[in-house]
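Working notes for the structure below.
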Amino acid sequence: MSDNKNKIFPLETSLKNSYMDKTKPLNHAKSGSNAIEHKKVTNSRLNGYNIFDKTGLPTPVIEQWRSTNITKDYKENYLIGDNKPKFDKQINEIFHCSVHGFDTNVFALLNGWYYSTPDKVLQTLDNGIIVGSLAVAQQKYPDLFDDYYNEIARPDSHGFNAINAAIFTDGLFIYVPDNVKSDKAVQLIKMVNRDDNIMINTRNLIILGENSRLSFLHCDDSINQHKGLLATNTEIFLKKDAQLDLYKLQNLNNNTTLVNSTFVKQDANSNLNVNVLTFNGGIIRNEFTIDLTEEGANADISGMYLMDDKQHVDNQVKVIHSAPNCTSSELFKGVLDDHASGVFNGYIYVARDAQQTMAFQKNANILMTSTASIDTMPFLEIYADDVKCSHGATVGQLDNDALFYLMQRGIKESDAKLLLMYAFVTEVTNKIGIDALRNSVDDMVKKRLRGDLSICDKCILQCSTPDLPVEFEIDMSKI
Amino acid sequence: MSKFINFAVLFIFILNRNQMKEEKENENILDEVTTSEYKYGFYTDIETETAPKGLNEDTIRFISKKKNEPEWLLEFRLKAFRYWQTIEEPNWALLNHPPIDYQDIIYYAAPKQKKQAESLDEVDPELLETFNKLGISLEEQKMLTGVAVDAVVDSVSVKTTFQDTLAKHGIIFCSFSEAVQDHPELVREYLGTVVPHTDNYFAALNSAVFSDGSFCYIPKGVRCPIELSTYFRINAANTGQFERTLLVADEGAYVSYLEGCTAPQRDENQLHAAIVEIITHDDAEVKYSTVQNWYPGDKDGKGGIYNFVTKRGLCKGNNSKISWTQVETGSAITWKYPSCTLLGDNSIGEFYSVAVTNNYQQADTGTKMIHIGKNTRSTIISKGISAGKSNNSYRGLVRVSKKAENARNFSQCDSLLLGDKCGAHTFPYIKNSNSTSVVEHEATTSKISEDQLFYCQQRGIDTEKSIGLIVNGYAKEVLNKLPMEFAVEAQKLLAITLEGSVG
Amino acid sequence: MLLNIKDLHVSIDGKEILKGCNLGVNNGEVHAIMGPNGTGKSTLAAAITGREGYDITSGEIIYKGQDISELSPDIRANEGIFLSFQYPVEIPGVSITNFMRTAINAQREYRGEQPIAAGEFLKKMEEKKKLVDIQSKLTNRSVNEGFSGGEKKKNEIFQMAMLEPTFAVLDETDSGLDIDALKVVANGVNALRSENNAFVVITHYQRLLDYIVPDFVHVMYDGKIVKSGGKGLANELEEKGYDWIKEHVQNG
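Structure follows, in structure tokens:
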């Protein structure tokens, strides 16, 4: 048995200490909003704390964490959460987003707190969408919190999710009323800017009413090179016929660890498209738990990762087919260079009676060096017979025949390799539904592959300089 | 103390392929299936000698003493036992069963027979009858197909046939106990080198209490001219079965080895925790085939064998090859992952599996392919078939270590569901640390298509036979890997296992 | 009368496809059923052979004097009804030899006969293979797997020859065949024609009927047989096209 099992890590101690006074569960919320917290939020804090007290932080002793070891982070000292920052700079002074043709409603979290002027802390947009601080929304819309808050999150799944429920500071709240279809994407930029090592816990709640539609862009950025431990829980509800396009862009410094858990409940005929685009980060773990609870729901989850150095990425994607006639697909592709390591654990669960299920899963990887590694675990657990399920996983290299073909046409080896890597991930990036975003991600991929994309000073979308589009000198269509 | 004993039966078969007529292939095996009852569920009333129920160091000393073992082997057992006491039963498999009371099991049972029979006259007539019922003749002359049989009943080997023929080639094939007495140096050299007692919980248990099994050594450059076979049978009640097989193929040697298992029909569950170790040296090849047909329990899930088996092969030498073929139709619970460690450069590992579960059976089975040497290759073909209220999981690991330059793996894991109350699951683990390797895994889950069923029915074949036909076709790729005699047997078993599964 | 279909109404998923179909076939006869796509020809074949999902809402299928509409497909097959599939189904891993042996023995068991001896079976296989000009060793080939379109159709006729049905429906057996394969298929069918059996040939085109000459030709439209006649009707149809039938129907 591993020593880790009984060891108490410094971080666990400080997390427990951060919540010493269990009789005053409001201290985290209060430091921000001075208001009384919704009872359900408070109760889930207590519940989360109780669970964490027993489980502590996850270590590789736990099956689901066997391939992702964060224990070295647990030995560090962190500032646990931060006080709410003063709004002293406009968002666009901290970052600016200058992708041409890509117009979004931008919202920001800074060091775990909703960052805006007081009048914009919770807004109703022209199209009726309500967006703003979760801490504020819980006071203003208690009914919605009664119905949705902590309904699908699983604080018992592991220590990060338990402690997140207990000590989160703030997060984003989005409510899209029935029949509202937004053309303009909502963009959340989560920034960390502290001169200390910091652990930040945020929590988002997103509710899409019947027959509504939203594009949501969720960006995780580092602004400096300080060590960060970021944990996020996001609960998403898609009512009947709703559609959510969710894009996660992750470009964090190599000292940062991100553990983010997204829980989705989908009603009849709802549609979820997810694109997880991981460019940089020390350790990134993305967990999805998607429950297709009524007939006709569809979830399309894809992801791409380009890791190098000693970076580590771990995608855990569980799709639960609870109802008949639902469809899902998982497509994750990645390139691992240097000492980078990756994990993919797809999980399709088809419940008894979830007949006529169609579920597909694919994970493909390219290892560029003999020091890179990948663990891939595409799982199927199926209890209904009238289903079409398949999965596949591959690990390999760039196709030597293709490489030779390109070089024979006069392309130098390094360029040819870049081109093939780029071509490899386009199956994922091509799924991005917003043209301007797809183009800029495309450019980012190229830059990333050339090693030009490190963490940006500001918003990652600013990485694409429109005047200087990144191009390989080869016409892809000719391959 | 029980008067009767369980036996493991070790038989050695020799197959003469030339005698196989093409007709055999055309034989419609399904016609021969007349009953869905478990055919081997009888119990033989044989006088047996047993150890007292329960497990402690005294039990182990008792077993070791009974078998007249050298001190080092007793130490081997005790070390394993002490380790076993410190660990817990694994729970990661997708299996449900009530806790096993390890103190409620008899760990040693042997037919009362002084030593291995020199001639058939010395074998208990009841035993001979048992083997005849199982369709296995111990009388060399009477063997239709020329199969050499070594029979081990409950915990001890009863009879080995064709030993003389084998001896001519310098092949050692005998019961494990005999090997300990006659070839202690070989046993000591290889025992536990592929499956150390620390491998897992059940391996530790087996290492402490194993009773008998078979031992086989093929010397340098010898291609074993006959198929060797172990036939295991559990006979007595309340008894665990812990046999241990050790197979060594020296440089350039080849052997094809078959293993079959049956047990009487009983209401209580019985534990079977065996170990098989295979070592292949340079250029050697071992083909290991299993048709596992332990009693699966009745249609309500009562009774049946708990089959927790550790099978590992080590391709120690360059250009060596180990091939596992298994047809798993029996047992209430199957927990089994025959593995290959591909240590030698250019070595090859193969795993072909058909696992069928019906009624309340549970199977969590698959393989591990550990690529360490350069240019190592592995192939995994797994066909799972679930019916009734059963659950059938494939669980497999493919690991490519940093040094395994140009390693290749291909895995294909298909599941077929018959009915809407069963489950079919696939849990592949791929861990790759080498950029020059290629690993591919594919899997599908489906049911028998209405079109296929109607097509067969339109030709006059009833639903049940149609399903048998289609399922056998589905499993063909694996069944083809079995020696002919076994293939026919296996096809019958598939059909029998699935009888009554479709309403 | 061998087969007598009376006012047959058949629905699929609640949608009525056959809307009062009548057809009488005697021993020794060959009937052709023609008609445009989607008029219910294949539905008729499915109803006769007992395919699941084809609900007979009213009417009767009398075969050898007995209403067979409640019988399972395998019983009907063993009573001598054979369908040459429009789209033969692939059954991976099941050799044709094994498949045919199983089918023949099922038939024999149904009749209370002993299973066929291996030698007799192999002899029969060789004989019938010649009939449809199959050269390959069927032993090693799975049913329809990897077969070309022509091979699949030849294989259907081969199976028919093996099973020696009393009543056979050939559902668009000519589709996708080149002229040589068409001749082979037709010769096979003609060789099997006798006073003790009958055929229904479903086809779009008159072409096949040049080789398998029918005694009667029926035209099916909108779930009914709207016109019947002799061999000449097929030629007339070829000449005038199906619009002629539509007009014919509309004008009552």
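Residue numbers (my numbering), protein chains in the order written: chain A, 218 to 696; chain B, 382 to 884; chain C, -1 to 250.
Quick reminder that beta carbons are idealized off the backbone N, C-alpha and C, glycines included.
{"Item": "Quick check on the DSSP output: the beta strand (DSSP E) that includes Gly57(C) runs from which residue to which?", "Value": "52 to 61"}
{"Item": "Please tell me whether Val576(B) and Lys448(B) are closer than 8 Å, where the distance is taken between their beta carbons.", "Value": "no"}
{"Item": "Taking Gly22(C) as part of the beta strand (DSSP E), name the residues at either end of that continuous run.", "Value": "13 to 23"}
{"Item": "Kindly list, in the order they appear in chain A, the residues whose Cβ is closer than 8 Å to that of Ile355(B).", "Value": "Nothing can be reported for residue 355(B): it is not among the residues displayed for chain B, which extend from 382 to 884."}
{"Item": "Where does Val662(A) sit, in a helix, a strand or coil, going by DSSP?", "Value": "helix"}
{"Item": "What does Leu339(A) pair with, by DSSP beta-bridge criteria?", "Value": "Gly349(A)"}
{"Item": "Pick out whichever of Glu786(B), Gln833(B), Ser827(B) has its Cα sitting closest to the Cα of Val819(B).", "Value": "Glu786(B)"}
{"Item": "Going by the beta-carbon positions, is the gap between Glu88(C) and Glu143(C) smaller than 8 Å?", "Value": "yes"}
{"Item": "Check the Cβ-Cβ distances between Thr164(C) and every residue of chain B, and say whether any is below 8 Å.", "Value": "no"}
{"Item": "Out of curiosity, what's the CA-to-CA distance linking Lys784(B) and Lys755(B)?", "Value": "7 Å"}
{"Item": "Check for me: the alpha helix (DSSP H) holding His478(B) runs from which residue to which?", "Value": "No alpha helix (DSSP H) contains His478(B), which DSSP labels as neither H nor E."}
{"Item": "Taking Gly105(C) as the query, report the chain B residues whose CB atoms sit under 8 Å from its CB, ordered along the chain.", "Value": "It is worth fixing the name first, because residue 105(C) is Gln in this sequence and not Gly. Chain B residues near Gln105(C): Gly841."}
{"Item": "Using three-state DSSP, classify Asn477(A) as helix, strand or coil.", "Value": "strand"}
{"Item": "Give, in chain order, every unbroken run of the beta strand (DSSP E) that is at least 3 residues long and sits entirely within the region 419 to 489 of chain A.", "Value": "430 to 439, 445 to 455, 460 to 468, 473 to 483"}
{"Item": "At least one CB of chain A closer than 8 Å to the CB of Leu609(B): is that the case?", "Value": "no"}
{"Item": "Please tell me whether Ile877(B) has its Cβ less than 8 Å away from any Cβ of chain C.", "Value": "no"}
{"Item": "Give me the chain F residues within the contact set of Phe480(A), using Cβ-Cβ distance strictly less than 7 Å, ordered along the chain.", "Value": "The structure shown contains no chain F; its protein chains are A, B and C."}
{"Item": "Where do the N-terminal and C-terminal ends of the beta strand (DSSP E) with Val575(B) fall, by residue?", "Value": "Element bounds for Val575(B): n/a, residue is neither H nor E."}
{"Item": "Which same chain residues end up closer than 8 Å to Glu107(C) when comparing Cβ atoms and leaving out the 5 residues on each side of it in sequence?", "Value": "Pro113"}
{"Item": "Applying the 10 Å Cβ sphere with the 16-neighbour rule, what's the burial state of Glu731(B)?", "Value": "buried"}
{"Item": "List the residues that DSSP assigns as beta-bridge partners of Glu821(B).", "Value": "Thr611(A), Phe791(B)"}
{"Item": "Just verifying my parser: in three-state terms, what is the DSSP assignment at Arg655(A)?", "Value": "helix"}
{"Item": "Return helix, strand or coil for Gln872(B), following the three-state DSSP convention.", "Value": "helix"}
{"Item": "Quick check: the Cα distance between Glu504(A) and Val476(A), rounded to an integer number of angstroms?", "Value": "8 Å"}
{"Item": "Can you pull the chain B residues whose beta carbon is under 9 Å from the beta carbon of Ala75(C), in chain order?", "Value": "Gln838, Gln839, Arg840, Gly841, Ile842"}
{"Item": "Step through the CB atoms of chain A and report whether any lies within less than 8 Å of the CB of Tyr810(B).", "Value": "yes"}
{"Item": "Return yes when the Cβ of Ala736(B) is within less than 8 Å of the Cβ of Asn700(B), no when it is not.", "Value": "no"}
{"Item": "Flag Asp72(C) as yes if its beta-carbon sits less than 8 Å from any beta-carbon of chain B, otherwise no.", "Value": "yes"}
{"Item": "Could you tell me the alpha carbon to alpha carbon distance between Asn2(C) and Phe80(C), rounded to whole angstroms?", "Value": "16 Å"}
{"Item": "Is DSSP giving Trp368(B) helix, strand or coil here?", "Value": "For chain B, the structure presents residues 382 to 884; residue 368(B) sits outside this window and is missing."}
{"Item": "Taking the alpha-carbon positions, what's the Ala589(A) to Asp320(A) distance?", "Value": "38 Å"}
{"Item": "Strictly below 8 Å CB to CB, what residues from chain C border Tyr598(B)?", "Value": "What Tyr598(B) touches in chain C: nothing, since even the nearest Cβ is about 37 Å away."}
{"Item": "Could you say which of Ile54(C), Val92(C), Phe83(C) lies nearest to Ile848(B) if we only look at CA atoms?", "Value": "Val92(C)"}
{"Item": "Identify whether Arg780(B) lies in helix, strand or coil by the three-state DSSP scheme.", "Value": "strand"}
{"Item": "Cβ atoms of Phe197(C) and Tyr78(C): under 8 Å apart, would you say?", "Value": "The question names Tyr, but residue 78(C) in the sequence shown is Gly. Not a contact, by the Cβ cut-off of 8 Å."}
{"Item": "For Gln651(B), which three-state DSSP category applies?", "Value": "strand"}
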